[in-house]
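Q:
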Amino acid sequence: MYGILVAFQRFNIRKGIWGSEWIGFENFVTFFNSYYFVRILGNTFKLSIADLVLAWPSSIIFALLLNEVSKSGFKRWVQTFSYLPHFVSMVVICGIIKDFTNTNGTINDIISFFGFERQSLLINSKLFIPIYVVSNIWQGMGYGSIIYIAAISSINPELYESAIIDGAGRLRQTIHITLPGITPTIITLLILRIGNILHVGFEKILLLQNNSNIETSEVISTFVYKKGLVEAVYGYSTAVNLFNSIVCLVFLFGANMLSRKFSETSLW
1 MYGILVAFQR
11 FNIRKGIWGS
21 EWIGFENFVT
31 FFNSYYFVRI
41 LGNTFKLSIA
51 DLVLAWPSSI
61 IFALLLNEVS
71 KSGFKRWVQT
81 FSYLPHFVSM
91 VVICGIIKDF
101 TNTNGTINDI
111 ISFFGFERQS
121 LLINSKLFIP
131 IYVVSNIWQG
141 MGYGSIIYIA
151 AISSINPELY
161 ESAIIDGAGR
171 LRQTIHITLP
181 GITPTIITLL
191 ILRIGNILHV
201 GFEKILLLQN
211 NSNIETSEVI
221 STFVYKKGLV
231 EAVYGYSTAV
241 NLFNSIVCLV
251 FLFGANMLSR
261 KFSETSLW
């Protein structure tokens with residue numbers, strides 16, 4: 001909390017917080033009036049919303065599908081295999097993505113097979129968001145499903161037995177028993193996810209970023225990193241990051257308020 005004061009200063013590392021010049025909201029005004037404001041805010045929202053709409057539900061779907069697998073041995077194998085990408089270093093993950101998407105990579109082999117021209121996919125700025133989202137699905141789908149699998153296992157088995165007696169198939173059991181049973185968990189995690197809507201994957205974006213895709217890959221977190229640690233403009237970078245945190249806090253309160261209004265689930 002003490003470091004927030006830097007956002008209102010022209011911070012000098014030699015003079016420290018109390019010796020640096022106080023400039024009020026100048027850092028914020030500079031950011032809001034800059035060319036970067038609209039661009040990086042738009043990129044951050046695009047990446048985060050795409051990830052929320054496509055990658056986040058994949059864990060729920062995966063958990064529901066696993067719940068339908070009756071063979072425990074095969075189920076454990078699938079779970080273990082799906083969890084592995086989460087524990088792999090982000091540097092290794094990005095290296096794999098680059099190998100798959102470069103000119104001689106596997107994806108280009110498939111593209112070439114169908115008669116299309118080879119290209120380095122990460123150089124194409126329009127493909128950065130799809131690559132980011134698909135890689136997030138692969139990396140996080142299995143690990144993210146753990147909490148939903150736990151929620152499903154806590155549902156009373158007698159409900160399924162009653163549904164079977166009433167003639168309900170697996171699909172109806174999923175719709176009328178499983179989904180309502182894990183809805184509080186889904187809502188809670190959705191609220192937390194919305195509260196972090198501007199906190200997209202910094203490491204992955206920075207490692208996949210290049211001069212050709214920077215128009216769509218530059219987000220608030222990478223911008224703050226470059227301004228703060230690379231250019232050493234500490235006051236300005238702190239102001240940008242504080243703005244980011246305030247926006248996320250507003251989204252968190254808003255999502256929780258809507259959840260409390262339309263359902264019985266909320267964080268407080």
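In case it helps, this note's numbering puts the sequence shown at residues 1 to 268. For each residue, glycine too, the CB sits at the ideal point set by N, CA and C.
Using 8 Å for Cβ pairs, my map puts His176 next to Gln139. What's the rounded Cβ distance?
A: The residue you call residue 176 lines up with position 176 of the sequence shown. The residue you call residue 139 lines up with position 139 of the sequence shown. Contact flag wrong, Cβ pair sits at about 32 Å.
Q: Among residues of its own chain, excluding the 5 on either side of Phe37, which ones have a beta-carbon nearer than 8 Å to its beta-carbon?
A: Numbered from its first residue, the sequence shown carries residue 37 at position 37. The residues are Phe31.
Q: Taking C-alpha atoms, which residue in Gln173, Ile146, Gly142, Ile49 lies nearest to Glu158?
A: As a position in the sequence shown, residue 158 is number 158, starting the count at 1. Out of Gln173, Ile146, Gly142, Ile49, Gln173 has the C-alpha closest to the C-alpha of Glu158.
Q: CB Phe66 to CB Ser153, shorter than 8 Å?
A: Locating residue 66 in the sequence shown gives position 66, where the first residue counts as 1. Locating residue 153 in the sequence shown gives position 153, where the first residue counts as 1. Before going on, a small fix: residue 66 reads as Leu here, not Phe. Not in contact: Leu66 and Ser153 (Cβ atoms no closer than 8 Å).
Q: Among all the DSSP beta bridges, which residues are the ones paired with Glu21?
A: Sequence index remark: in the sequence shown, residue 21 carries index 21 (1-based). Answer by DSSP bridge pairing, in chain order: Arg10.
Q: I need the boundaries of the alpha helix (DSSP H) containing Trp268, first residue and last residue.
A: Counted from its first residue, the sequence shown places residue 268 at position 268. Careful: Trp268 lies outside any alpha helix (DSSP H) and carries neither H nor E.
Q: Tell me the start and end of each unbroken beta strand (DSSP E) in the segment 26–94 that is at least 3 residues and wholly inside, in chain order.
A: Complete beta strand (DSSP E) runs here, min 3: none at all.
Q: Determine whether the beta carbon atoms of Phe223 and Ile49 lie at a separation below 8 Å.
A: Looking up residue 223 in the sequence shown gives position 223. Looking up residue 49 in the sequence shown gives position 49. Their beta carbons are not under 8 Å apart, which means Phe223 does not touch Ile49 by this criterion.
Q: Find the nearest neighbour of Ser58 within the set Val92, Ile123, Val134, Gly181, judged by alpha-carbon distance.
A: Within the sequence shown, the letter at position 58 stands for residue 58. Nearest of Val92, Ile123, Val134, Gly181 to Ser58, Cα basis: Val134.
Q: Just mark Ser217 as buried or exposed, buried being the case when its beta carbon has 16 or more other beta carbons within 10 Å.
A: Reading the sequence shown from its first residue, position 217 is the one you call residue 217. Label assigned to Ser217: buried.
Q: Confirm, please, whether the CB-CB distance from Ile137 to Asn213 is below 8 Å.
A: Taking the first residue of the sequence shown as 1, we reach residue 213 at position 213. Taking the first residue of the sequence shown as 1, we reach residue 137 at position 137. Against a cut-off of 8 Å, the Cβ pair of Ile137 and Asn213 comes out as no contact.
Q: The alpha helix (DSSP H) with Ser212 in it runs from where to where?
A: Sequence index remark: in the sequence shown, residue 212 carries index 212 (1-based). Looking at the DSSP string, Ser212 is not in any alpha helix (DSSP H), and its letter there is neither H nor E.
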